[in-house]
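Line order of the protein sequences matches chains A and B. Just so you know, full-length UniProt numbering puts the end of the first sequence at 168, numbered straight through with nothing missing. Just so you know, full-length UniProt numbering puts the end of the second sequence at 90, numbered straight through with nothing missing.
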Amino acid sequence: MSDTLTRTEPVSSAPFVGEGISISLAVPMMRYSLRARQPQALETLLGVKVPTKIGAMEEGIACLGPDEWLLREPIGSKLVSGAGLPVSIVDISERAICLVVEGPRSAEILNAGCPLDLDRFAVGRATRTIFETVEIVLLRLAEDRFHVEVWRSFAPWMWTALTTAARH
Amino acid sequence: MILIHCPYCDEQRPEIEFAYAGQAHIARPVDPDTYSDEEWERFLFIRANPRGRHHERWRHSHGCGRFFNAVRDTVTDKFETTYKAGEPRK
Ligand SMILES: [Zn+2]
Chain A
1 MSDTLTRTEP VSSAPFVGEG ISISLAVPMM RYSLRARQPQ ALETLLGVKV
51 PTKIGAMEEG IACLGPDEWL LREPIGSKLV SGAGLPVSIV DISERAICLV
101 VEGPRSAEIL NAGCPLDLDR FAVGRATRTI FETVEIVLLR LAEDRFHVEV
151 WRSFAPWMWT ALTTAARH
Chain B
1 MILIHCPYCD EQRPEIEFAY AGQAHIARPV DPDTYSDEEW ERFLFIRANP
51 RGRHHERWRH SHGCGRFFNA VRDTVTDKFE TTYKAGEPRK
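Next comes the structure, spelled out in structure tokens:
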């Protein structure tokens with residue numbers, strides 16, 4: 001049934017391409033907010049190693065805080081239930097969309113609104129931060145490829161802000 | 001922009017990721033029922049407001065989300081140190 005429904009996206013599905021930069025909407029994905037006082041409880045449940053350093057990312061799991069992780073997976077992945085364990089797993093798949101910022105000018109364009117020192121934000125890192133006044137989760141997947149997770153209702157503004165910066 | 005060291009992220013981060021959250025080390029009443037009006041007044045409203053070294057709470061709201069404590073000079077706006085919530089006063 002659900003595959004006959006059409007998705008509506010808050011930003012253009014056509015990428016923005018400029019000199020040294022492209023900005024595009026990432027494919028939809030599953031997102032889970034994982035909370036646990038003891039990361040071992042999550043490791044037992046998920047069967048993978050969970051990064052414990054804040055800002056680190058391993059196998060799609062980003063450590064956002066001392067007891068908080070963001071797990072992103074391809075659509076269709078099934079997550080085990082945490083029932084009975086001292087963990088919280090919340091499906092937040094549709095809360096945010098992801099913009100892919102790619103190209104040699106990526107860091108410069110992100111720094112138009114994000115105050116993080118991206119020279120010290122190595123590949124493989126992920127963090128919650130801010131762009132102007134909008135909260136984002138920034139993930140660095142390669143030297144010149146970033147993912148910007150932004151809440152759906154802020155996405156049109158984010159798209160305009162990034163593409164405006166990219167035009168300058 | 002001021003950089004603030006988050007004791008949880010263990011990193012200097014830009015000031016606008018943080019939110020100020022008032023004076024630090026104010027203990028909640030253990031037994032509120034027994035508090036007199038004067039004690040409530042002191043707990044809710046009376047603050048140190050020093051000129052100089054001030055112990056205060058901050059939250060890394062657009063980061064790890066944690067509350068922590070800081071010692072900041074109210075004259076120079078310089079952060080002397082930051083430390084995790086629950087650690088003794090510095
Ligand atoms: Zn932090």
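We treat Cβ as the ideally placed atom computed from N, Cα and C, and that holds for glycine.
Among A:Phe154, A:Leu85 and A:Glu58, which residue has its Cα nearest to the Cα of Ala36 (chain A)?
Stepping through the first sequence from its first residue, residue 36 (chain A) is reached at position 36. Among A:Phe154, A:Leu85 and A:Glu58, the Cα nearest to that of Ala36 (chain A) is on A:Leu85.
What does the Cβ neighbour count give for Phe45 (chain B), buried or exposed, with the cut at 16 atoms within 10 Å?
On the second sequence, position 45 is the one that residue 45 (chain B) refers to. Result: exposed.
Give a single yes or no on whether Cys64 (chain B) has its beta carbon closer than 7 Å to a heavy atom of ligand 1.
Translated into positions along the second sequence, residue 64 (chain B) becomes position 64. Yes, the beta carbon of Cys64 (chain B) sits closer than 7 Å to at least one heavy atom of ligand 1.
Looking only at C-alpha atoms, which of B:Pro29, B:Asn49 and B:Ser61 sits nearest to Val71 (chain B)?
Taking the second sequence and counting its residues from 1, the one referred to as residue 71 (chain B) is at position 71. Per the Cα distances, B:Asn49.
Any beta carbon from chain A within less than 8 Å of Pro14 (chain B)'s own beta carbon?
Against the second sequence, residue 14 (chain B) aligns to sequence position 14. Output row for Pro14 (chain B): interface = yes.
Looking at chain B, which residues of the region 41–65 of chain A have a Cβ within less than 7 Å of any of its Cβ atoms?
Flagged, chain order: Ile54, Gly55, Leu64 and Gly65.
At a cut-off of 7 Å, is His5 (chain B) close to ligand 1 when judged by its beta-carbon and the heavy atoms of the ligand?
If you number the second sequence from 1, residue 5 (chain B) lands on position 5. For ligand 1, not one heavy atom lies less than 7 Å from the Cβ of His5 (chain B).
Could you have a look at Ala165 (chain A) and say whether DSSP puts it in helix, strand or coil?
On the first sequence, residue 165 (chain A) is found 165 positions in, with the first residue counted as 1. Helix, per DSSP.
Only counting the same chain, and skipping five residues up and downstream in sequence, which positions put a Cβ closer than 8 Å to that of Val123 (chain A)?
As a first step, residue 123 (chain A) must be located in the first sequence, where it is residue number 123. Only Arg140, Leu141, Ala142 and Glu143 meet the Cβ criterion.
Going by other Cβ atoms of all chains shown within 10 Å of its Cβ, with 16 needed for buried, is Glu11 (chain B) buried or exposed?
Within the second sequence, the letter at position 11 stands for residue 11 (chain B). Counting Cβ neighbours within 10 Å, Glu11 (chain B) comes out buried, since at least 16 surround it.
Considering only the alpha carbon of each residue, which of A:Glu73, A:Glu108 and A:Val134 lies closest to Arg31 (chain A)?
Here the question's residue 31 (chain A) lines up with position 31 in the first sequence. Ranking A:Glu73, A:Glu108 and A:Val134 by Cα distance to Arg31 (chain A) puts A:Glu73 first.
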